[in-house]
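Enquirer: Structure incoming, see below.
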Amino acid sequence: MNGDKSVVECFNQYFSSVFTRDNLLPVSAVPMTTTEMEPICTDVFLDASIIAKAIVKLTADKAHGPDELSAKMLIETSNEIAYPLLLLFKKSLNESSVPADWKRANVTPIFKKGTRSSVENYRPVSLTSLVRKVFESIIRDSMVEYLESNQLITTSQHGFRKGRSCLTNLLEFLDKVTGYVDSGDNVDVVFLDFAKAFDKVSHRRLLLKLEAHGIDSKLINWIAEWLRNRVQRVCLRGVVSSWLEVLSGVPQGSVLGPLLFLIFINDLDNDIKNWILKFADDTKLFGKIKDSSDVQKIQDDIDKLLKWSEEWQMLFNTCKCKVMHVGKLSFQRQYFMNN
12 MNGDKSVVEC FNQYFSSVFT RDNLLPVSAV PMTTTEMEPI CTDVFLDASI IAKAIVKLTA
72 DKAHGPDELS AKMLIETSNE IAYPLLLLFK KSLNESSVPA DWKRANVTPI FKKGTRSSVE
132 NYRPVSLTSL VRKVFESIIR DSMVEYLESN QLITTSQHGF RKGRSCLTNL LEFLDKVTGY
192 VDSGDNVDVV FLDFAKAFDK VSHRRLLLKL EAHGIDSKLI NWIAEWLRNR VQRVCLRGVV
252 SSWLEVLSGV PQGSVLGPLL FLIFINDLDN DIKNWILKFA DDTKLFGKIK DSSDVQKIQD
312 DIDKLLKWSE EWQMLFNTCK CKVMHVGKLS FQRQYFMNN
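In my numbering, the protein residues as written are 12 to 350.
Have a look at this one:
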């Protein structure tokens, strides 16, 4: 696509059109933790050496955000700016105040598949302040340590986690399915597709999930402010669109966003009787099939997942949800979602 004004405005209008407008309805209580005690994560430890180390981890040619502070400049001055940034980060965290520059994002459309002339076939990736990314990385590391040490992220999640990957997800899936088939059982697999998952996250509902996972006090207040009043514009080949408000979602391209999404989707497994495996939002539901009662169990799980998606305003793209039958097809199996 050419980088003219009409094109970037078209992209920005489309990317903004998918945002979730919170329906303000009450939601179910989120289970607190998986441990006997209720751990709490209230703060983030900061010092100049941690900040300097985080800065030098930046890639020198990494694209900068709207503030135009380059990675190369930050890396070359890391020791000199670490202490001033320490003061800034502490003030930001203690006062739940986020600089306006940190709430702006330059969005780059990344082609996925299909027709290149259709905006629906592009994914928005946000380029934000690199100083903000440094702070996000420190907050993320602190939250990950807390969540993993207290085993608060379900074992079904393989995305954005140390020691887990797309490969571990597939190996676990292969192990379970081949085990059933080798025992003479059939297996039905339901591949679930969330529509614009990262962009659809309701901020109010996300904060409820954070609180339920023990994220408390100044940290959750800072995240709430970090999410509030964000704006974005599309940049393409030197042409920029107007600014539009970001109503929902966690930024694709941010450091903290993927972790917040894992927390948001973490309780998807609750009360599910069959197996679930997740890689971020990519989700598989599967179980062995011996008779019609097993088919009904999978259908019951689909119904529970659909109820979860409606309550948390994270809807499935039903046209892209698929079923795969593995083993000897001894009888016809059909599943339904939204009729």
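Beta carbons are placed, not taken as given, at the ideal position from N, Cα and C, and that holds for glycine.
State whether the region 154-169 contacts the region 125-141, with contact taken as three or more CB pairs (one from each stretch) at a distance under 8 Å.
Expert: The region 154-169 vs the region 125-141: no contact.
Enquirer: Roughly how many angstroms separate the alpha carbons of L296 and G338, rounded to a whole number?
Expert: Whole-angstrom Cα-Cα distance: 16 Å.
Enquirer: If you compare alpha carbons, which of R241, S176, R134 is closest to Q263?
Expert: It is R134.
Enquirer: Within its chain, find whatever has a CB closer than 8 Å to the CB of F205; leave out the 5 residues flanking it on each side and keep chain order.
Expert: Cβ neighbours of F205 beyond the five flanking positions: K211, D292, T294, S320, M325, L326, F327, N328.
Enquirer: Along the chain, where does the alpha helix (DSSP H) that runs through H214 open and close?
Expert: Counting along the chain, the alpha helix (DSSP H) containing H214 begins and ends at 214-223.
Enquirer: Taking the CB atoms as reference points, tell me whether Q243 and V118 lie closer together than 7 Å.
Expert: Yes, the pair counts as a contact, with Cβ atoms nearer than the cut-off.
Enquirer: Going by the DSSP bridge assignment, what does L288 pair with across the sheet?
Expert: For L288, which the question treats as bridged, DSSP gives the partners K295.
Enquirer: Helix, strand or coil: which one does DSSP assign to D199?
Expert: If DSSP states are grouped into helix, strand and coil, D199 belongs with the strands.
Enquirer: Beta strand (DSSP E) containing M154: first to last residue?
Expert: Note, M154: premise wrong, no beta strand (DSSP E); alpha helix (DSSP H) at 141-160.
Enquirer: If distances are taken between C-alpha atoms only, which option among Q345, R215, I164 comes closest to K289?
Expert: Comparing Cα-Cα distances from K289 to each of Q345, R215, I164, the minimum goes to I164.
Enquirer: Taking the straight line between their C-alpha atoms, what separation do you get for D186 and G195?
Expert: When rounded, the distance between both Cα atoms is 15 Å.
Enquirer: Going by CA-CA distance only, name the one from L141, D227, V136, I283 that's closest to I51.
Expert: The shortest C-alpha separation from I51 is found at D227.
Enquirer: Helix, strand or coil for K333 per DSSP?
Expert: Strand at K333.
Enquirer: Excluding the 5 residues preceding and the 5 following K83 in the sequence, name in chain order all residues of the same chain whose CB lies nearer than 7 Å to its CB.
Expert: Here the set comprises A71.
Enquirer: Assuming L230 contacts D54 under a Cβ cut-off of 8 Å, what Cβ separation, rounded to an integer in Å, is found between them?
Expert: At roughly 6 Å, the Cβ-Cβ gap stays under 8 Å, so L230 and D54 are in contact.
Enquirer: Could you check where the alpha helix (DSSP H) with A116 kicks off and where it finishes?
Expert: Not the alpha helix (DSSP H): A116 falls in the beta strand (DSSP E), residues 115-122.
Enquirer: Which residues mark the beginning and the end of the alpha helix (DSSP H) in which W322 is found?
Expert: What sits at residue 322 in the sequence shown is Glu, not Trp. 303-322 is the extent of the alpha helix (DSSP H) around E322.
Enquirer: For S129, does the three-state DSSP call read helix, strand or coil?
Expert: The answer is coil: DSSP assigns S129 none of H, G, I, E or B.
Enquirer: Let me know the secondary structure DSSP gives L80 once reduced to three states.
Expert: Coil.
Enquirer: By a C-beta neighbour count over all protein chains shown, 10 Å radius and 16 as the cutoff for buried, is W237 buried or exposed?
Expert: W237 should be labelled buried.
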